[in-house]
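Just below is one structure, and these are the notes that go with it.
2 protein chains.
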Amino acid sequence: MKLATLPNGTRDGRLAVVSRDLRRAAYADGIAATLQEAIERWDAVAPALQALYDAVNIGRDTVPFDAAQALAPLPRAWQWLDGSAYLSHGELMAKVFKIDNVQGAEPLMYQGISDRFLAPTEDVALPSEEDGIDFEGEFGVITGAVPLGVTPEEALAHVRLVVQINDWSLRVLAPREMKTGFGWVQAKPPCSVAPVAVTPDELGLSWRDGRVHRPLNVWFNGARFGAAEGGAMAFGFHELIAHAARTRNLCAGSIIGSGTVSNDSYRTVGSSCIAERRGIEILDEGAPRTPFMRYGDRVRMEVTLADGGSVFGAIDQRVVPVPR
Amino acid sequence: MKLATLPNGTRDGRLAVVSRDLRRAAYADGIAATLQEAIERWDAVAPALQALYDAVNIGRDTVPFDAAQALAPLPRAWQWLDGSAYLSHGELMAKVFKIDNVQGAEPLMYQGISDRFLAPTEDVALPSEEDGIDFEGEFGVITGAVPLGVTPEEALAHVRLVVQINDWSLRVLAPREMKTGFGWVQAKPPCSVAPVAVTPDELGLSWRDGRVHRPLNVWFNGARFGAAEGGAMAFGFHELIAHAARTRNLCAGSIIGSGTVSNDSYRTVGSSCIAERRGIEILDEGAPRTPFMRYGDRVRMEVTLADGGSVFGAIDQRVVPVPR
Chain A
1 MKLATLPNGT RDGRLAVVSR DLRRAAYADG IAATLQEAIE RWDAVAPALQ
51 ALYDAVNIGR DTVPFDAAQA LAPLPRAWQW LDGSAYLSHG ELMAKVFKID
101 NVQGAEPLMY QGISDRFLAP TEDVALPSEE DGIDFEGEFG VITGAVPLGV
151 TPEEALAHVR LVVQINDWSL RVLAPREMKT GFGWVQAKPP CSVAPVAVTP
201 DELGLSWRDG RVHRPLNVWF NGARFGAAEG GAMAFGFHEL IAHAARTRNL
251 CAGSIIGSGT VSNDSYRTVG SSCIAERRGI EILDEGAPRT PFMRYGDRVR
301 MEVTLADGGS VFGAIDQRVV PVPR
Chain B
1 MKLATLPNGT RDGRLAVVSR DLRRAAYADG IAATLQEAIE RWDAVAPALQ
51 ALYDAVNIGR DTVPFDAAQA LAPLPRAWQW LDGSAYLSHG ELMAKVFKID
101 NVQGAEPLMY QGISDRFLAP TEDVALPSEE DGIDFEGEFG VITGAVPLGV
151 TPEEALAHVR LVVQINDWSL RVLAPREMKT GFGWVQAKPP CSVAPVAVTP
201 DELGLSWRDG RVHRPLNVWF NGARFGAAEG GAMAFGFHEL IAHAARTRNL
251 CAGSIIGSGT VSNDSYRTVG SSCIAERRGI EILDEGAPRT PFMRYGDRVR
301 MEVTLADGGS VFGAIDQRVV PVPR
């Protein structure tokens, strides 16, 4: 099924069930008020949500769904842990920032800001064009409650929903924070999330091995920028979840990210962030040529199935100055 | 004033106002249900909380306060950003872990798990004694809503409450995570927080320059372990808040930590974590001698004012295996 959060004046919004084609929706009133509540009470509410989804898909008692009005599926979450599971991303970033490639036998993961996730079409206010504004297209999963010590095999059953994320990054600030070993605070402002969260079955055979086997389509100021294949993760989401839960329980509603989608064939498929393209330019031309984002620049990200249907709806946003 | 959160079967508990001597309390029912709510509506609720505090201090309509029953003041928070503002801590840790001392002109800060803060006397369940279980005694502040780009001078006015924290750390896991540059996930399970959060005025002249100028007393298995002076921060909390808010708004109820309290005079005042003592042993004796914690070991942390009165109540906990 497909779920979205629509604005109602509260920070957590109002849960809605969305038709597979993203054209119709019905509020989940009486089942769960918010997506966080639905995730916390999943076993109890999933059957009613599924029944509503079936009704929505045949057009019964629905309202038009306008993805541009949606909030992030979880407008805030108790936990956001982002991996970096695409090895070619790590290799290119090491080139760009002249740092060691830190990929190893264990997944890479940092804890990021989770008290706010931006709506998929709202303007993204950032304090300075000099910070190296960049997008990072990725996939994520929303988990149920996961016990400490879960195995990767067990972890797969705790994936409730799959989401599509833009992990905004400030590249001028990132290397200094990375060199401290403490991870990123200033370099990682709030992420954006595509309008619709989907249960894994919506991906059909494209969900397997804990990975989304579909390309992430990225357009930068209207021009095609990348279509890297999501399935190339060195670690699946089940392994990322087990890594995260090594010494902590994960609360219901934790969001686990894949890191920037990237393929070894980056010269063919393009990239999901500007920094990677700059890395390729360094390799091929000796110096980076593509600038980071300026105010007014737009990025769009969308994933479709083989039939052309949009899975999550689109992230489509413009970067703007922080209002004074 | 002094505030605590008492258990009522919900995850956020029930807000109570506690007498200065920590002997009496009154529920804040009708003012704010939870501490998070009080922080979000601070200007509206602070006068009523203060009036209740005045009444509690003269013993009107109170119940006995048992600090051992309290939850963490915020049993969960939307954001936990921990600094490392004591330079001697960084110097000793570099010795212990044979890493570069990464202290610089900017504060160090990582984002940690915030969906759960442990109650001050509950058992601390950790998965393995082989992980290098260690405590880290520190101070923290709970902020109101802080705008992006706040200056250090402005930031001080956003400090709502001061708290005392044990930032549990798993030392065997920490260096590998630090070397990735991504910060700590596995090495930093949930923190514990002392029972009472206090407004800065409760510290009198010991709150100045955005610092708590009192020693943090630490006992390990009943033996005095450290009494390092809190005032030795290289950056005050106002500077840590401004650092955190460089590219993000801080939501009301964000917790900002000082990092492990440590003084240059560590041979005299002792330490607030085992790793530091091991660093001193390496310096003085060529090898570390004090082992990390084993199951059953206890740590106690408490801060008093000059008159001997406890400021925050005590953290007093035992480490145990994760229940199977």
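Just so you know, the protein sequences line up as chains A and B, in that order.
Counting from 1, one number per residue, gives the positions in the first sequence under UniProt numbering.
Counting from 1, one number per residue, gives the positions in the second sequence under UniProt numbering.
C-beta atoms are modelled at their ideal positions from N, C-alpha and C, and glycine is treated no differently.
In this text the structure is predicted, and so the values were computed from the model without any measurement.
Counting along the chain, the unbroken beta strand (DSSP E) around A/R298 starts and ends at R298 to E302. If you ignore the 5 residues before and after B/D100, its C-beta comes within less than 7 angstroms of the C-beta of A94, all in its own chain and listed in chain order.
Under the Cβ distance rule, B/F292 does not count among the residues neighbouring chain A, no pair being separated by less than 8 angstroms. Going by DSSP, B/V150 is part of no alpha helix (DSSP H) at all; its letter is neither H nor E. For B/N263, the three-state secondary structure derived from DSSP is coil. Judged by DSSP secondary structure, B/V185 falls outside any alpha helix (DSSP H); it is assigned neither H nor E. Assigned with DSSP and collapsed to three states, B/T143 falls in strand. For A/Q186, same chain residues with a beta-carbon under 6 angstroms away, outside a window of 5 residues either side, are L173 in chain order. Taken through DSSP and simplified to helix, strand or coil, B/S169 comes out as strand.
Taking B/S254 as the centre and dropping the five residues before and after it, the same chain places the C-beta of Q79 and T143 closer than 6 angstroms to its C-beta, in chain order.
Along the segment 22 to 37 of chain A, none of the residues has a CB nearer than 9 angstroms to a CB of chain B.
The continuous beta strand (DSSP E) containing A/R14 extends over residues R14 to V18.
8 angstroms or more divides the Cβ of B/E281 from the Cβ of B/T268. Remark: C-beta atoms of A/A32 and A/A25 do not approach each other more closely than 8 angstroms. Using a Cβ-Cβ cut-off of 7 angstroms, B/R76 is close to W78 of chain A, given in chain order.
As DSSP reads the structure, B/N217 sits in a beta bridge with B/A227 and B/E302. When C-alpha distances from B/G259 are compared across B/G140, B/E154, B/A48 and B/A119, the shortest belongs to B/G140. Proximity of A/D115 to chain B, defined by a Cβ-Cβ separation below 8 angstroms, is satisfied. Taking A/W207 as the centre and dropping the five residues before and after it, the same chain places the C-beta of P200 closer than 6 angstroms to its C-beta, in chain order.
As the crow flies, the alpha-carbon of A/R248 is around 27 angstroms from that of B/L92. With fewer than three CB-CB distances shorter than 8 angstroms, the segment 305 to 316 of chain A does not count as touching the segment 3 to 10 of chain B. Each residue's CA atom was taken as its position, placing B/A252 and A/S265 some 45 angstroms apart.
Taking a Cβ-Cβ threshold of 8 angstroms, none of the residues of chain A is close to B/C273; the smallest such distance is about 16 angstroms. Within chain A, no C-beta atom comes less than 9 angstroms from the C-beta of B/G259; the nearest is roughly 10 angstroms away. Among the residues of the segment 175 to 195 of chain A, those with a Cβ less than 9 angstroms away from any Cβ of chain B are P175, R176, E177, M178, K179, T180, G181, F182, G183, W184, V185, Q186, A187, K188, P189 and P190, in the order of the chain.
Taking CB atoms only, B/Y295 has no neighbour in chain A less than 8 angstroms away. Here B/V218 is near B/G137, since their CB atoms are less than 8 angstroms apart.
Under the three-state reduction of DSSP, B/R76 is assigned to coil, being neither helix nor strand. Shown here, A/P127 sits in coil according to DSSP, grouped into three states, outside any helix or strand.
Interface annotation, A/V102: in contact with chain B, CB-CB separation under 8 angstroms.
Contact between B/A242 and B/V150 holds: CB atoms are separated by about 6 angstroms, below the 8 angstroms threshold. Excluding the 5 residues flanking it on each side, B/D209 has same chain C-beta neighbours closer than 8 angstroms at G231 and G236, in chain order.
With its beta carbon less than 8 angstroms from one in chain B, A/G112 belongs to the interface.
Looking at the DSSP output, A/E138 bridges to A/I165. In this structure, A/G132 lies away from A/R176, with their beta-carbon atoms at least 8 angstroms apart. Cα atoms of A/A44 and A/S84: separation of roughly 33 angstroms, rounded to the nearest angstrom.
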